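Each position in the sequence shown, counted from 1, maps to that position plus 503 in the working numbering. All C-beta atoms, glycine included, are put in the ideal place defined by N, C-alpha and C. The model shown is predicted, which means the values in this text are computed figures rather than measured ones. In what follows, a single structure is set out as structure tokens and then discussed.
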Amino acid sequence: MASDRAGGVQSLERAFDLLERMADAGGEVGLSELSASSGLPLPTIHRLMRTLVDCGYVRQQPNRRYALGPRLIRLGESSARLLGTWARPYLAELVEATGETANMALLDGDEVVYVAQVPSRHSMRMFTEVGRRVLPHSTGVGKALLAHVPPQEVRALLARTGMPAATERTIVDPDAFLAELEHIRAQGYAVDDNEQEVGVRCLAVTVPDSPTAAAISISGPAGRVTEAATEKIVPVLQGVARQLSAALASNGAA
């Protein structure tokens, strides 16, 4: 019985590893590519992939390559909601430390989706509905996330979205935006300075080693989120991001 259980666990580990490798490769791969990257023999990969196809988590394309299947969408959406739930205590810590509204967002396709928020206690505060989708080029969380995406992929995304201006401060030139991302990588945080909404400033950082690319931020009136306040808030943001990263990495293990 023990060997059967061990074999079953190994098969699960291998199947999930293949799914993650497919995601890293853009969602579609051939068996030979999976064999080369995973080190598993082709017969083993073929057996695992047939099981994943039968379950709907992978589909075989007409060109004989394999693509991630539609059943993963429901799992991903549920996981994203849970990620927001897990993040709420850390966002609450941000609100307590900074006094401003705290958010968590993910990059979903060409858009940023907000998955969690804890509002400020101030009467004048920012509010973003959980589930809201916005284009990333005009938001702090979007900039923070795109700063870790290869430049050619960022250019392709910007070409698809068209970079519409949300305010007169929105960056609408791809070269200027890529230069902004380089600056973000150097300083370790992103700023939305009246670029999504006039009168609002947002500071954002990514969550290191998150299972899916995620960013947390604080947002508030430009009169409160000043340059002087930024110097105090950014280290708090970065510290909370590290705490959240460690919590996610623990996988809830007892």
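Inter-residue spacing [alpha-carbon to alpha-carbon] between residue i and residue j
i, j, result
"Arg-745", "Glu-632", "25 angstroms"
"Asp-557", "Ala-750", "34 angstroms"
"Gly-702", "Val-621", "20 angstroms"
"Glu-599", "Arg-636", "26 angstroms"
"Leu-648", "Pro-565", "34 angstroms"
"Gln-563", "Tyr-569", "5 angstroms"
"Ala-752", "Lys-735", "27 angstroms"
"Pro-546", "Asp-695", "51 angstroms"
"Leu-740", "Glu-531", "36 angstroms"
"Val-560", "Leu-578", "The residue you asked about is not Val; residue 560 is Tyr in the sequence shown. Between Tyr-560 and Leu-578, the C-alpha separation is close to 10 angstroms."
"Leu-571", "Leu-747", "28 angstroms"
"Gly-602", "Glu-516", "43 angstroms"
"Asp-527", "Ala-731", "40 angstroms"
"Ser-506", "Ser-535", "Caution is warranted here: a pLDDT of 37 is assigned to Ser-506, below 50, making its placement in the model unreliable, and no coordinate value can be reported."
"Arg-553", "Ala-518", "11 angstroms"
"Gly-755", "Ser-541", "For Gly-755, the predicted structure reports a pLDDT of 46, less than 50, and the residue's modelled location is therefore unreliable. A value from the coordinates is still provided. Each residue's Cα considered, the two are about 27 angstroms apart."
"His-686", "Arg-567", "43 angstroms"
"Arg-574", "Gly-726", "46 angstroms"
"Gly-665", "Gly-533", "33 angstroms"
"Ser-634", "Ile-576", "Sequence inspection shows Gly at residue 634; the Ser mentioned does not correspond to that position. Roughly 16 angstroms between the two C-alpha positions."
"Lys-646", "Ala-539", "34 angstroms"
"Ala-682", "Arg-524", "31 angstroms"
"Gly-529", "Ala-619", "27 angstroms"
Residue closest to residue i, alpha-carbon to alpha-carbon, out of the options
i, options, result
"Pro-714", "Asn-697, Thr-733 and Gly-587", "Gly-587"
"Leu-706", "Leu-521, Asp-678, Arg-568 and Thr-604", "Thr-604"
"Leu-551", "Gly-579, Asp-520, Leu-578 and Asp-527", "Asp-520"
"His-651", "Pro-711, Arg-672, Leu-537 and Ala-669", "Pro-711"
"Leu-638", "Ser-722, Ile-674 and Ala-528", "Ile-674"
"Ile-719", "Val-644, Ala-669 and Arg-591", "Val-644"
"Ala-668", "His-640, His-686, Arg-517 and Val-743", "His-640"
"Tyr-617", "Leu-585, His-625, Thr-601 and Glu-596", "Leu-585"
"Arg-658", "Asp-676, Ser-514 and Val-743", "Asp-676"
"Gln-513", "Leu-543, Ala-526, Met-525 and Leu-534", "Leu-543"
"Ile-721", "Glu-596, Ser-535 and Arg-553", "Glu-596"
"Thr-642", "Ala-528, Ala-716, Gly-533 and Ala-608", "Ala-608"
"Val-615", "Thr-733, Ala-518, Thr-709 and Gly-726", "Thr-709"
"Asn-697", "Asn-606, Thr-670, Ala-682 and Ala-717", "Thr-670"
"Arg-624", "Gly-723, Ala-518 and Asp-678", "Gly-723"
"Arg-688", "Pro-573, Leu-661, Pro-653 and Arg-672", "Pro-653"
"Ala-590", "Glu-656, Ala-717 and Ala-725", "Ala-717"
"Gly-742", "Arg-524, Tyr-593, Glu-523 and Gly-726", "Tyr-593"
"Thr-733", "Glu-700, Ala-693 and Gln-699", "Ala-693"
Interface flag, residue i vs chain D, CB-CB below 9 angstroms
i, result
"Ala-749", "In the displayed structure, chain D is absent; only one protein chain is listed."
Nearest-angstrom Cβ-Cβ length linking residue i and residue j, presumed shorter than 8 angstroms
i, j, result
"Arg-663", "Asp-613", "6 angstroms"
"Ile-548", "Leu-537", "5 angstroms"
"Val-728", "Arg-704", "4 angstroms"
"Phe-680", "Leu-661", "7 angstroms"
Item to check | Runs of alpha helix (DSSP H) wholly within the stretch 660-711 (minimum 4 residues, chain order) | outcome: 677-690
Checklist entry - Which ranges does the beta strand (DSSP E) cover as unbroken runs of at least 3 residues, wholly within the stretch 718-746, from first to last along the chain? => result none
Checklist entry - What are the complete beta strand (DSSP E) segments, minimum 3 residues, inside the stretch 545-578? => result 561-563 and 569-571
Checklist entry - Curious, which full-length alpha helix (DSSP H) runs of at least 4 residues does the stretch 604-633 contain? => result none
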